[in-house]
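Report on one structure; see the data block that follows.
Protein chains in written order, with the working numbering: chain X, 1 to 350; chain L, 1 to 217.
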C-alpha cells in the first residue's frame with residue numbers, strides 16, 4: 001500500500017511539475033511604477049493558464065499626452081511571470097480583424113486600455129504592418145525582468161496619442177510550463193539627456209516552413225535589404241518553437257545571392273524557449289545591405305500525436321509536418337526581431 | 001528521477017533522427033546522378049506551377065502572416081528527389097542591389113518529360129518577399145526583375161540559373177496599392193474600412209498543377 005501511495009504522490013508531483021498548477025506560492029517580480037515625468041508603465045492583470053492550455057492576449061493602450069507631444073524612451077524594462085512564450089509591443093497601424101475598440105476595458109496601471117483574449121489576437125495578418133517597439137522572450141523565475149538601456153544618443157520615439165498593443169503568449173503544456181499565473185509588465189523610461197537618434201525596428205519572418213518526419217532537419221534562410229542609408233544594429237533576437245535548434249543572424253552585403261560567411265554572423269542562439277536577446281551589438285550593416293538569417297530545426301514526435309499537425313498543414317500531409325503558425329505545441333516560426341539606428345523606416349521582411 | 005513531459009518529448013526528439021536514419025531509404029535519383037545537374041526556372045502563375053521563360057509573369061501572393069511574396073524556383077534533371085535545397089534571389093535586370101534572398105529545403109517529383117519539378121509550388125520554391133521598404137524602383141508590379149536560382153542536392157552538388165520575371169498583382173487591390181508605393185506614400189485600400197480581409201486569412205493550399213506530367217511513384 002505504501003508503494004501505491006508513494007507512486008500516487010510521485011504522479012501528483014510529476015503532474016504539477018509538467019503542467020503548472022497556477023497555485024504555488026510565488027514571489028512576484030516588482031517593477032516600480034513610473035511618474036509621467038519618468039515615462040510610461042503598464043501592468044497586465046494576472047491570469048490563469050490552465051494545464052494543457054496555450055493562450056494569447058492583446059492589450060491596447062494609448063501613449064498619454066506629452067508636454068512636447070513626444071515621448072523619447074532610452075531605457076526599457078519588460079517583465080514576465082514564468083511560462084511566457086513571448087511578449088511583443090507593437091505600434092497599431094492598419095486595422096483588420098483585431099481592433100482596440102472591440103476589446104473589453106482593462107486597468108493597465110499606468111494607463112487604461114482594452115483587452116482582447118484569444119480569437120483575433122491569434123491571427124498574425126492582423127498585425128502584419130504594425131511596427132515592433134520592443135519584445136521579450138525571457139521569463140525564467142530567476143530572471144523575470146529584461147532591462148535594456150539603448151545606445152548612447154539613441155531612443156525609441158513614441159507620439160502622444162499613438163495606439164500601442166502589448167501581446168502576451170503563455171503556454172502550460174508539453175513544451176513549456178506556466179507554474180504560476182501569467183502576467184506581464186512594461187516600463188518605458190523617458191530619455192532626459194537629449195537623445196535625438198531614433199531607434200528603428202525590423203521584423204522578418206520565414207513562412208511556408210515545414211519540419212517533417214521524412215525530412216527531419218531542414219534549414220530555412222532569408223535575406224532582407226534595409227532602406228538606403230547607414231544602419232547600426234543595436235540588439236536582436238530570434239524566435240522559433242521547440243523544434244528550433246539554432247537561430248543565426250548575419251550582416252548581408254545586399255549583393256551576394258548566397259548565405260554570408262560565418263564571419264558576418266552577429267547573433268546565434270540555440271535556446272528556443274528562452275532565446276538570447278543580444279544587446280550592445282553595435283554592428284554596422286553594409287551600405288545598401290541588410291541582414292540574413294537562418295533557422296535550423298530538428299523534427300520531434302508530437303506529444304499528442306500527429307492529428308493536430310495534419311489538420312493545420314495546408315497540404316494535409318500524413319508526414320507529421322510542423323508548419324508555420326503561432327501555436328507552440330503544433331506549429332513553428334522563424335522570426336527575427338531586430339533593433340537598429342538611425343531609423344529610416346519600419347522594416348518588415350515578408 | 002522525475003521525468004517531465006518536456007523531458008520525454010525532448011528524449012523522443014533526440015532519438016527521432018537516429019530512428020529516421022535507420023528507416024529512411026536513400027533519396028531516389030531523378031535522372032542520372034552521374035551526369036551534371038540541369039536546371040530550368042519555374043514559378044507560380046495563376047495559382048499553378050509553370051515553366052518560366054525570360055519576361056514571364058509570376059503572381060504576387062499573400063503568405064500566412066501577411067505580406068507579399070512571389071514563388072520562383074527550378075525544375076531539374078539528374079538530382080536526388082529529397083534532401084536538397086533551393087535558393088532564390090531577386091535583383092534588377094541590369095544588376096545592382098539584391099532586393100531579397102531565400103533558401104529552403106526542396107522536394108521534387110518526376111514529370112513525364114523527365115524533368116523533376118517542385119513537389120509543391122509554395123513549399124519547394126523560394127518565397128521571395130517583394131513590396132517592402134527596400135532599395136530599387138518603387139513600383140514592383142509589372143516591373144521586370146532578375147531571379148537568380150540555385151540548387152544544392154543531397155550530395156552537395158550545385159547548379160544555378162537565372163530568369164527575368166515580372167511580378168504582378170493580378171487585380172489584387174491591396175497588392176496594387178502597397179506595391180506601387182515606397183510604403184511612405186498614401187495607401188488606403190478599400191478593405192481597411194471593411195474590417196477583416198478574407199484574402200489575407202486564406203491559406204495557400206492550392207494544389208500544384210501537374211498537367212505536364214505525373215508524380216513519381
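We put the beta carbon where it would ideally sit given N, CA and C, even for glycine.
Boundaries of the beta strand (DSSP E) in which residue i is found, first to last residue
| i | result |
| --- | --- |
| residue 54(X) | 53-62 |
| residue 65(X) | Per DSSP, residue 65(X) belongs to no beta strand (DSSP E) and is neither H nor E. |
| residue 271(X) | Counting along the chain, residue 271(X) falls outside any beta strand (DSSP E), and DSSP gives it neither H nor E. |
| residue 237(X) | 232-239 |
| residue 167(X) | 163-172 |
| residue 249(X) | 244-252 |
| residue 168(L) | 158-168 |
| residue 57(L) | 56-59 |
| residue 87(X) | 84-91 |
| residue 145(L) | 145-152 |
| residue 324(X) | 322-324 |
| residue 195(X) | Premise fails: residue 195(X) is in no beta strand (DSSP E) and is neither H nor E. |
Nearest residue (CA-CA) to residue i, options the options
| i | options | result |
| --- | --- | --- |
| residue 301(X) | 291(X), 147(X), 174(X), 53(X) | 174(X) |
| residue 134(X) | 260(X), 332(X), 344(X), 340(X) | 340(X) |
| residue 162(L) | 110(L), 93(L), 178(L) | 93(L) |
| residue 322(X) | 214(X), 230(X), 337(X) | 214(X) |
| residue 109(X) | 66(X), 52(X), 183(X) | 183(X) |
| residue 211(X) | 299(X), 335(X), 268(X) | 299(X) |
| residue 151(X) | 327(X), 338(X), 280(X), 325(X) | 280(X) |
| residue 354(X) | 98(X), 244(X), 253(X), 100(X) | Limits of chain X in this structure are 1 at one end and 350 at the other, which puts residue 354(X) out of reach. |
| residue 53(X) | 348(X), 319(X), 177(X), 120(X) | 177(X) |
| residue 161(X) | 345(X), 267(X), 64(X) | 64(X) |
| residue 270(X) | 130(X), 235(X), 82(X), 249(X) | 249(X) |
| residue 186(X) | 93(X), 30(X), 345(X), 126(X) | 30(X) |
| residue 150(L) | 29(L), 73(L), 44(L) | 73(L) |
| residue 27(X) | 144(X), 91(X), 58(X) | 144(X) |
| residue 257(X) | 80(X), 225(X), 266(X), 236(X) | 225(X) |
| residue 166(L) | 63(L), 65(L), 71(L) | 71(L) |
| residue 36(L) | 158(L), 63(L), 125(L), 104(L) | 158(L) |
| residue 79(L) | 127(L), 118(L), 145(L) | 118(L) |
| residue 88(X) | 97(X), 202(X), 96(X) | 202(X) |
| residue 292(X) | 229(X), 275(X), 205(X) | 205(X) |
| residue 86(X) | 120(X), 168(X), 190(X) | 168(X) |
| residue 156(L) | 86(L), 176(L), 173(L) | 86(L) |
DSSP-derived helix/strand/coil call for residue i
| i | result |
| --- | --- |
| residue 352(X) | Because chain X in this structure spans residues 1 to 350, residue 352(X) falls outside the shown range and cannot be described. |
| residue 334(X) | coil |
| residue 285(X) | coil |
| residue 173(L) | helix |
| residue 135(X) | strand |
| residue 124(X) | helix |
| residue 101(X) | helix |
| residue 204(X) | strand |
| residue 178(L) | helix |
| residue 120(L) | coil |
| residue 177(X) | coil |
| residue 33(X) | coil |
| residue 264(X) | helix |
| residue 305(X) | coil |
| residue 84(L) | strand |
| residue 146(X) | strand |
| residue 31(L) | coil |
| residue 153(X) | coil |
| residue 119(X) | helix |
| residue 97(L) | strand |
Per DSSP, cross-strand counterpart(s) of residue i
| i | result |
| --- | --- |
| residue 72(L) | 43(L) |
| residue 112(X) | 107(X) |
| residue 225(X) | 290(X) |
| residue 128(L) | 70(L) |
| residue 103(L) | 221(X), 87(L) |
| residue 42(X) | 186(X) |
Exercise. In the stretch 80-113 of chain X, which residues sit with their C-beta less than 8 Å from some C-beta in chain L, listed in chain order?
Worked result: Residues passing the 8 Å Cβ filter: 94, 95, 96, 97, 99.
For this session: Give the residues from the stretch 147-159 of chain L that approach chain X closer than 8 Å (Cβ to any Cβ), ordered along the chain.
Result: 148, 150
Problem set entry | Interfacial residues, the stretch 224-244 of chain X to chain L, with Cβ spacing under 9 Å | 224, 225, 226, 227, 228, 242, 243
Exercise. For the stretch 47-69 of chain L, which residues have a beta carbon sitting closer than 8 Å to at least one beta carbon of chain X?
Worked result: 62, 63, 64, 65, 66, 67, 69
Problem set entry | Interface positions of the stretch 123-136 of chain X facing chain L (Cβ-Cβ less than 9 Å), listed along the chain | Cβ contacts with chain L: 123, 124, 125, 126, 127, 128, 129.
Problem set entry | Residues of the stretch 102-124 of chain L whose Cβ lies closer than 8 Å to any Cβ of chain X, in chain order | For chain X, the residues of the stretch 102-124 of chain L that bring a beta carbon within less than 8 Å of one of its beta carbons are 102, 103, 104, 105, 107, 120, 122, 123, in chain order.
For this session: Compile a chain-ordered list of the residues in the stretch 71-82 of chain L whose CB is closer than 7 Å to at least one CB of chain X.
Result: 82
For this session: Please list the residues of the stretch 49-72 of chain X that have a C-beta atom closer than 7 Å to any C-beta atom in chain L, keeping them in chain order.
Result: none
Problem set entry | Interfacial residues, the stretch 185-211 of chain X to chain L, with Cβ spacing under 9 Å | 204, 205, 206, 207, 208, 209, 210
Problem set entry | Residues from the stretch 313-330 of chain X in contact with chain L, defined by Cβ distance under 7 Å | 314, 315, 324
Exercise. What are the residues of the stretch 160-171 of chain L that lie near chain X, defined by any Cβ-Cβ distance shorter than 7 Å?
Worked result: Answer in chain order: no residues at all.
Exercise. Taking Cβ-Cβ distances below 8 Å as the criterion, which residues of the stretch 243-277 of chain X are in contact with chain L?
Worked result: Per Cβ criterion, the list reads 243, 252, 254, 255, 256, 257, 258, 259.
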